[in-house]
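Inspection log for the structure reproduced underneath, given as structure tokens.
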Amino acid sequence: MARAGTREWLGLAALLLPVMITSMDISVLYLAVPRLSEDLQPTAGELLWILDVYGFLLAGLLITMGNLGDRIGRRRLLMIGATVFGLASALAAFASSPEQLIVARVLMGIGGSTLMPSTLSLIRNLFDDDGQRATAIGIWSAAFAGGSALGPVVGGVLLQFLPWGSVFLINVPVVLIMLVGTLILVPEYRHPRPDRLDLVSVVLSIGAILPIVWAIKHAAERLAVDGWTALALLIGVAAAIGFVRRQQRLATPLVDLDLIRRPAVCGAVLGGMMSLFALLGVNLYLSQYLQLVLGLDPLPAALWTLPGMITVAVGAVLSPKLRDRLGAPRTFLVGFVAAATGVAVLIFTPDSGGLPVVVAAELIFGFGLSVALTIATDLVVAAAPPDRAGAASAISETGNELGAALGVAVLGSVGTALYRASIGSALPAGLPGPVREVAEATLAGAVGSARELSPELAGSMITAARSVFVDSLSVVALCGALVLATLALVIPRLVRRGGTVPEKDEAGDGGSELRSAQHGVDPAITGEPPEEPANKLQ
């Protein structure tokens with residue numbers, strides 16, 4: 085098995101750029117929310133759409149784009165998508181209304197949906213050696229998780245000196261560098277004899293994901309299920325059932341159901357999805373806490389997230405060694421327990437002077453989530469044959485992006501609902517009607533409208549709003565910690581149960597037959613030797 089050289093590692097460096105900017109743009113708006121809200125005056129619902137429609141489109145299109153890359157060429161799709169992403173970023177930077185910004189974020193989501201599965205599957209082709217591939221995926225995971233953490237840092241630096249649109253405009257030069265580097269360093273790969281992309285499956289996959297995501301978001305905003313929610317759920321479930329049945333009949337399906345049926349792969353996808361659910365939902369509130377509660381400017385607030393970024397990188401690089409030493413199930417356990425502990429620390433965040441609590445929490449849960457996400461990603465990619473790497477990568481990334489989008493939508497909506505439910509009785513008497521209305525919508529609105537009041541009344545209003553916001557943050561942190569604690573109980577058991585390892589057929593046409601690993605999981609995936617020699621991915 086050939087080992088990668090300098091050219092392949094330089095190619096990996098080029099592929100990390102789209103990974104970082106894609107994940108950055110999930111979180112880069114967090115620090116820009118106060119200024120964006122003041123400039124564009126979005127409603128609470130519009131603000132949530134600005135924050136999460138990008139992630140929704142990523143989740144809805146990843147499966148389609150992963151399969152499309154296998155057919156037309158992964159590098160070609162990467163470069164097309166990066167171009168769309170860069171142009172949409174420029175459009176977002178100069179948006180003059182909430183509606184324009186939402187449209188730009190939609191286009192960014194479409195372009196971004198090509199980037200994640202393309203980069204991960206190209207890494208699968210660049211690195212044949214198991215050890216090098218695991219290291220490369222660890223670096224890729226660090227770039228993905230680090231990008232989410234880097235978003236607030238980059239945003240803070242830019243917002244300190246430039247308008248909020250700069251958090252999008254920075255994507256343009258990065259995309260240009262990536263396009264040149266990818267063209268020079270990364271070879272093209274496509275399926276040698278690709279089947280026609282099944283458009284019915286494409287429509288059903290999008291129809292299954294987007295209505296369900298919208299229904300969850302809609303119900304979370306209202307803390308109730310209405311007729312529209314029920315209708316969207318019905319449409320999504322019906323499309324999902326139709327999608328699964330159609331995949332069972334196709335020679336080359338969009339989603340390899342035999343791969344998903346493996347408990348270890350299923351556990352890895354579920355673990356990645358719910359990890360990012362907790363991470364992004366909590367991070368949405370941390371950035372606002374640093375600025376709006378502690379009163380930090382964007383740059384200092386961003387810099388205080390750097391310690392968490394360091395532990396994210398350390399966890400991603402060390403995770404393959406932990407897996408080799410402990411096995412995948414125990415490594416997942418360590419990661420999820422650490423992540424749950426870190427998020428649980430945030431339950432005790434005080435109304436003032438809470439910076440040490442936030443930093444300690446970021447250090448702990450950043451390391452834990454990074455370890456779990458890296459192992460989960462490598463497990464899924466290693467389980468697929470090279471000619472289906474794009475589709476397998478899309479499965480992993482669909483779960484991750486769906487979890488990120490749902491984290492912002494669900495936990496964001498829950499926190500907003502809790503704030504609105506309590507703020508009315510906490511605000512001081514004597515507030516003008518318009519000021520009260522704005523303060524009851526968001527903490528940013530309360531802080532922004534305080535300048536219209538006398539110092540004494542403004543101080544009372546801000547103190548009350550901050551206290552209610554911190555209470556909401558504690559509840560969101562509790563929800564995130566419970567999710568992660570549940571993963572610590574469930575995912576190691578699923579991974580330990582093992583499954584089957586796909587193998588290309590003798591014709592080499594990319595079709596896969598499944599060999600049974602009846603006595604354990606593949607040691608190349610879990611790091612735990614089976615009772616009898618396990619089949620190895622060919």
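Going by the numbering used here, the residue at position 137 of the sequence shown is 221; the numbering climbs one at a time, nothing skipped.
Glycine included, each C-beta is placed from N, C-alpha and C at the ideal position.
What you are looking at is a predicted structure, and each value in this text was computed from that prediction instead of being measured.
Outcome for GLU536 when other beta-carbon atoms lying within 10 angstroms are tallied against a minimum of 16: exposed
Contact between the region 534–554 and the region 367–383: three or more CB pairs below 8 Å? yes
How should ARG158 be labelled, buried or exposed, when 16 other C-beta atoms within 10 angstroms of its C-beta is the threshold for buried? buried
Find the nearest neighbour of LEU199 within the set ARG333, ALA534, LEU263, judged by alpha-carbon distance. LEU263
Between the region 209–229 and the region 387–402, do three or more beta carbon pairs fall short of 8 Å? yes
Just to confirm the assignment: which complete alpha helix (DSSP H) runs, minimum length 4, are found wholly within the region 197–283? 199–210, 214–245, 250–253, 255–269
By the three-class DSSP mapping on this structure, what secondary structure does GLY365 have? helix
Close Cβ partners of VAL309 (< 7 Å) along its chain, the five nearest in sequence each way excluded: ALA303
Taking the runs of the alpha helix (DSSP H) that are 4 residues or longer, which of them lie wholly in the region 296–384? 311–333, 341–345, 347–372
Nearest neighbour of ILE300, chosen from LEU490, THR500, PRO518, LEU96 [CA to CA]: LEU490
Within 10 Å of its beta-carbon, does PRO630 have 16 or more other beta-carbons around it, so buried, or fewer, so exposed? In the structure as shown, the chain begins at 85 and stops at 622. Residue 630 is therefore absent and cannot be evaluated.
Note down, in chain order, each residue of its chain lying with its Cβ closer than 7 Å to the Cβ of LEU124, except the 5 sequence neighbours on either side. SER181, PRO182, LEU185
Helix, strand or coil at THR547 [DSSP, three-state]: helix
Report all residues from its chain with a CB closer than 7 Å to the CB of VAL270; omit the five preceding and five following residues, and keep chain order. GLY95, ALA98, LEU99, ARG159, LEU206
Are at least three pairs of beta-carbons, each pair with one atom in the region 249–268 and one in the region 163–181, less than 8 Å apart? yes
Rounded C-alpha distance that separates PRO201 from VAL531: 41 Å
What's the gap between the Cα of LEU578 and the Cα of GLY351? 6 Å
Using three-state DSSP, classify GLN125 as helix, strand or coil. coil
For GLY356 and ASN484, believed in contact at Cβ under 8 Å, the rounded distance: 5 Å
What three-state label does DSSP hand PRO512 in the structure shown? coil
Delimiting residues of the alpha helix (DSSP H) encompassing ASP435: Segment: none, ASP435 is in no alpha helix (DSSP H) and carries neither H nor E.
Spatial neighbours of ALA323 within its chain, please: CB distance less than 6 Å, with the 5 preceding and 5 following residues excluded, ordered by chain position. LEU288, GLY291, ALA292
Should TRP466 go down as buried or exposed, given a rule of 16 or more other Cβ atoms within 10 Å for buried? Rather than Trp, the amino acid found at residue 466 in this sequence is Ala. Buried.
I'd like the span of the alpha helix (DSSP H) that includes LEU495, first residue to last. No alpha helix (DSSP H) contains LEU495, which DSSP labels as neither H nor E.
TRP93 - DSSP class collapsed to helix/strand/coil: helix
So the candidates are ALA226, GLY517, LEU364, VAL328; which of them puts its Cα closest to the Cα of ALA486? Contrary to the premise, residue 486 reads as Leu rather than Ala in this sequence. Minimum Cα distance to LEU486 is reached at LEU364.
Simplified DSSP state of PHE553, which is helix, strand or coil: helix
Length of the line joining the Cα atoms of VAL103 and ALA227: 6 Å
Taking 8 Å as the threshold, find out whether the region 400–419 comes into contact with the region 565–577 through three or more Cβ pairs. yes
Quick one: Cα of LEU318 to Cα of LEU338, how far? 22 Å
Taking all protein chains shown into account, decide if ILE546 is buried (16 or more other Cβ within 10 angstroms of its Cβ) or exposed. buried
Taking 6 Å as the limit between beta carbons, can you name the residues of its chain near LEU101, skipping five residues before and five after? VAL258, MET262
Go through its chain and collect everything with a Cβ distance to ARG330's Cβ below 8 Å, but skip five positions before and after it. ASP282, VAL284, SER285, LEU288, PRO337
Closer than 8 Å is the cut-off here; do at least three beta carbon pairs connect the region 189–196 with the region 133–147? yes
For VAL560 and GLY499, I'd like the C-alpha separation in whole angstroms. 6 Å
Identify, in the order they occur along the chain, each residue of the same chain with its Cβ nearer than 8 Å to the Cβ of LEU341, setting aside the five sequence neighbours on each side. VAL328, GLN331, GLN332
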